[in-house]
Amino acid sequence: MMPISCQGSGGEGQSGTHLRADQDILQPQEVNWEAEGLHEPISFKRKQKQRSRFSLSSLLSSRASGSDTGFGSPAPQVGQNGDASPLDPYVPIGFNSGAEASKDGAPLDWYVEGPGRRVGYDDFTAIDWIYEYTKERQRKRLLYSSGQGLLGHARRLLDASNVWLVLIATGIAVGIIAASIDIATDWLGDLKSGYCKNGSGGGKFYLNKSFCCWGLDDHSKCLDWTPWGNALGANSSGGIFTIGYAFYIVSSVFFAACACFLVRNYAAYARHSGIPEIKTILGGTVIRHFMGPWTLAIKSLGLCLSVASGLWLGKEGPLVHVACCCANILMKPFESLRSNEARKREVFSAAAAAGISVAFGAPIGGVLFSLEQLSYYFPDKTMWQSFVCAMVAAVTLQALNPFRTGKIVLYQVTYTRGWHRFEIIPFIFLGIIGGLYGAFLIRLNTRIAMWRRARTSSRPIIEVVVVALITALVNYPNHFMRAQNSELVQSLFAECNSVTYDRFGLCATGSASIGVAIYLVVAALLAFFLASLTFGLEIPAGIILPSVAIGALFGRALGIIVRLWQESYPKAFPFVKCEQDIPCVTPGLYAIIGAAAALGGATRMTLSIVVIMFELTGALTYVIPIMIAVMLSKWCGDIFGKRGIYESWIRLNEYLFLDHRDDTTPPDVSAHRVMTTVDDINIITATGHTIASIRSLLANTTYRGFPIVSDTSSPILLGYITRNELSFALKYSTSPTTRNLSDDTQVFFSHQPFADPIDTLDLRPWMDQTPITLNSNITFLIVLRMFQRLGLRYVLFANKGILQGILTKKDVWSVLNGVEFRRYEALQDDAFHNFENRNEAEEVGLLDGNDTSSLGTADLPALEKAKKTEEKMMIDPFEVRMRFTTQLQHLSAAVTSSQKAAHYALKYRDLDEDLHSCILEQLERNNMNNRANIMYFIEQLCEMAIKENYLPYVRMMQRDILRVVDSVVPPDGTGAANVKHVRHVLSGLQAKEVLSAETVAEIDAALKDRDSHPSHLDLEQDEVPEGGSKLKSEKPQLRLDKRQIEQRIEEDRERNKRQRESMWAMTGNDLDEYNQMWEELSPIGEDDFIRSREEALERAECVRKHEEFYKNLHGIKEQ
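The sequence shown begins at 1 in full-length UniProt numbering and counts up one residue at a time.
Quick look at the structure:
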């Protein structure tokens, strides 16, 4: 498992501060509310439901009778996130917060369990879906209870219309931006080949080629359109081609470089497609500034330039990002939308549907695209909202009519012919080719992206210039690739008839069609490599339209071949039902099906692609062939990996995203095997803290949250508090403008009835007192499903109330991705390199069955090697790592535990680097006792590795010995008790020739400064009465847990016992024991003889007495 760097993620909500503690319950009538800064008593008691009255007074009044507080004060102001304003620190927050008053004389009842206050989310952290929807329910409850009259109804109506105003405005804005991008892209794209001069035909410079030659199918007859070769006075065809080639290259490189310059200098998030990030955001992750105004402007402008450059990219994916940016900007004036992260994501889902709607002219397909590909949480109301937004965007684009053809997109077509049953076979073939295309595209593109990141130097603009230069050099000679992708797709989809002009020569018949088919296949192959190289550059770029174009190229080529076959053999059996005067095969239909198959293979979408293609063609007749091709492309692509191009980029960028539709099998282990145990996390006790100690904790740790427990010896779970809330509460409480508390102020997280609310700080309002809690013996699969279905940020594990550990969303993501990364590496290293040997062994087994005696001696090595390879493939690297981690965490002072762990590490020596990193991780994460045990384990491991002549472990320990020592004996003195153990292990490693004497001496010199810090001896502190304040102002020192102290005593006793036993331990050789006795005994002298005679006399006397006793016992008399 990857090292867990967080205990929780930040929380969202409105800023706020602490609430006053209870007043003295013995004298509630003496509470001075104004002096305490309270305008009214605070209560979380449920308000009594008012009876509905349909009277004139109730219609005209803004409040129902009895809704005012007992003190006559107005309702609390609502902050920007629906919670209390941070400027009003004493406004009640909770499930039942409102303006109702408590009963007369009742104490303040604000400490009831609840989710607590929230400050905000950090960048790249997960939101709390449960809290966000709870906050929305509270807001609506307050809204519906605040007024029963006409004004109240108007307020509720206005609140309900907010989301619809945003969706309609988003649809209109997306339609206008899409039309502008289409017009600008066409003009800039045509500007590479020429310009429209002011002529007799009504030409203007700002017109693109289609508008300049309006009414003419053959643009070569256009008078006002002037190619650059003719503009510069070239007369020969070679000169015109050369000048046009040069202008094409220069303009393509210039447009691409400008797009990259804008992205790099003004909006970094405007690069790429944006769909992986949007999918991650809809999954609950916060990515700040991804949908800001600058991103919208640069994305739109950069998209025009990058598409016009002729690179193999599309604008369909980026239009989804543009639509979400519009929605995010238009939500700003509406409090109820911008302050709730869950509702914002519902609006983003609807806006994404509008982006696809204007990209393909398919509103229904856009809704299904958002449902199938993007949305993490898609309730029924979101589907209706998505449909409205997509419809408005499509209607707006239709009204603007940017192509002046009445079509929303350029490549909308209408077919007049049907298809025949024999064509199912080529349709199946297209589906298989589309799946292979998607699989190889994803594999090649991700490898190129990883290569880019692995380079030491990165020059994005130069890289874009080089790719644009290569693309321009390849595109211009091939007239299929020279055109814009939208124009190419339009021609590939079109039917061949006598009415329309055949710009690309696709309707050639006879032997000429063979050359066209070859030309199309070559263009498809070149486009495949260029698209793989382009997607991922620092420019706005999508992959949807290139996939459609590549699939259409190959599909059209196959359609031409099938048509040529039918025309050559019209009487063949498959073609007997073809009519004589009507073309039997329509190559344009093959292009449509090839495009759908390629898009399905790249994105792994199914239903939305079928609907989009249906909306493009407008014919229900072709739904079945498209469904067959898309189904086969997905099946074929899933053989190589179930992730589409967008999921692969989410994984590549390591975004915190748990796909609830992912059917990857998680590790079959219990939760306690993967959770961060209570010994490895920083917990906060309910009492015994000051503001200074909490600040010290925040300064010395990087965790995003802390569990709250009763005490360390018996950590009963009380709640959870995030780093953001804790930091804000301390900052606000010590601010001179608010309470101005000192650093010595006592802080507590549980109810303290005798604490002075003036001189103490109660942080319970900032705690999550009802966190999701599970038993640690539950399976990891159930925990994963809870994270995926409920959108959790963290789960705490407790047994009978005792805290056992924690799992965060990042931890779960690390477990899942760790399995796949290591499994993939194992397969790459073991399976594929020995694939031929395994096939050979399988062939032998198939031929000879189970009779191994029939195998020749030459085949036995192949079988053995194949068996070893199969055993390696069966090893789950994640499971090996988890078991090894468990052994390290449970090491003791006993030699057997170290020997067992060392034997395990040597057994799986193929994963030596992974297991070595695991040792280093455990040294940094565990307590000091366990670190000392790991130090002794390292000595045992090196000794056993030397005996087995496996030296990589030894070399890695030699390399990282300084890091190991720094972990066991940190420079801050917290590990001073481990110094003697480190010295003992270092001397042992020196004796085994693992470390040199110079290295040991250097480390020993550094250890002299680390064993004089007495902080580890501060085992007790002055007792502080509960609810009282501490008199000492010194900074509290580090304390050791009682259980850890007892454990250390037992382990030291075990080590000392082992050292004493080693004094008498001998090898199994009798000669060694004899030599030792010979060295220890002195030579024989006179005193030895005297002692021998004395012993002989004593022995004889004993024998005599025994004989007398025996005779007396049996009555034997002497003769």
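All C-beta atoms, glycine included, are put in the ideal place defined by N, C-alpha and C. All values derive from a computational prediction rather than experimental measurement.
Asked: Candidates Gly-601, Ala-351, Ala-449: closest to Gly-431 by CA position; Found: Gly-601
Asked: At least three beta-carbon pairs within less than 8 Å, the region 595-615 to the region 574-585; Found: no
Asked: Where the alpha helix (DSSP H) containing Ile-281 begins and where it ends; Found: 275-282
Asked: Alpha carbon of Asn-682 to alpha carbon of Leu-698, nearest angstrom; Found: 10 Å
Asked: Contact set for Ala-508: own chain, Cβ-Cβ below 7 Å, skip 5 residues either direction; Found: Val-516
Asked: C-alpha gap between Pro-402 and Ala-468, whole angstroms; Found: 27 Å
Asked: Contiguous alpha helix (DSSP H) assignments of at least 4 residues, all confined to the region 104-186; Found: 129-145
Asked: Inter-residue spacing [alpha-carbon to alpha-carbon] between Gln-27 and Gly-149; Found: Any reading at Gln-27 must be qualified, since the residue scores a pLDDT of 35, below 50, and its modelled position is unreliable; the value itself is stated next. Between Gln-27 and Gly-149, the C-alpha separation is close to 39 Å.
Asked: Residue burial classification, Val-982 (beta-carbon count within 10 angstroms, cutoff 16); Found: buried
Asked: Test item: CB-CB of Met-613 and Ile-626 under 7 Å; Found: yes
Asked: Nearest-angstrom Cβ-Cβ length linking Gly-355 and Val-174, presumed shorter than 8 Å; Found: 6 Å
Asked: Buried or exposed (CB count within 10 angstroms, at least 16 for buried), Asp-182; Found: buried
Asked: Delimiting residues of the beta strand (DSSP E) encompassing Leu-761; Found: 760-762
Asked: Sequence-distant residues of the same chain with beta carbon closer than 7 Å to Ser-491, five excluded per side; Found: Arg-503, Phe-504, Leu-506
Asked: Ser-670 in three-state terms, based on DSSP; Found: strand
Asked: Whole-Å CB distance - Arg-556 paired with Tyr-590, under 8 Å assumed; Found: 6 Å
Asked: Cβ neighbours of Ile-442 in the same chain (closer than 6 Å, five flanking residues each side left out); Found: Ile-645, Ser-648
Asked: Three-state secondary structure assigned by DSSP to Ile-684; Found: strand
Asked: Asn-653 - DSSP class collapsed to helix/strand/coil; Found: coil
Asked: Runs of alpha helix (DSSP H) lying entirely within the region 726-768, each at least 4 residues, in chain order; Found: none
Asked: Bridge partner(s) assigned by DSSP for Cys-196; Found: Trp-225
Asked: 7 Å Cβ cutoff met for Arg-343 and Leu-337; Found: yes
Asked: Sub-7 Å separation of Lys-537 and Val-464 beta-carbons; Found: Before going on, a small fix: residue 537 reads as Leu here, not Lys. Going by C-beta atoms, Leu-537 is nearer than 7 Å to Val-464.
Asked: Where His-660 falls: helix, strand or coil (DSSP); Found: coil
Asked: Glu-1094, buried or exposed, once every other Cβ within 10 Å from all chains shown has been counted against 16; Found: exposed
Asked: Backbone CA spacing between Thr-722 and Asp-122 [nearest angstrom]; Found: 11 Å
Asked: Proximity below 7 Å, CB of Leu-223 to CB of Tyr-376; Found: no
Asked: Integer-rounded CB distance, given that Leu-796 should sit under 8 Å from Pro-707; Found: 6 Å
Asked: 8 Å contact criterion, which Cys-389 and Ala-351 should meet: CB distance rounded; Found: 6 Å
Asked: Pairwise C-alpha distance: Val-253 and Leu-313; Found: 14 Å
Asked: Met-767 vs Gly-719 beta-carbon contact at 7 Å; Found: yes
Asked: Residue(s) in a DSSP beta bridge with Thr-722; Found: Gly-705
Asked: Touch test, the region 556-571 against the region 291-300, Cβ-Cβ under 8 Å, three pairs minimum; Found: no
Asked: Whole-angstrom C-beta distance between Leu-167 and Arg-155, which should lie under 8 Å; Found: About 20 Å; that fails the 8 Å criterion.
Asked: Where Thr-797 sits in the DSSP three-state scheme; Found: For clarity, residue 797 is Phe in the given sequence; the question names Thr instead. In this structure, Phe-797 counts as strand in the three-state DSSP scheme.
Asked: Pairwise C-alpha distance: Ile-560 and Ala-512; Found: 11 Å
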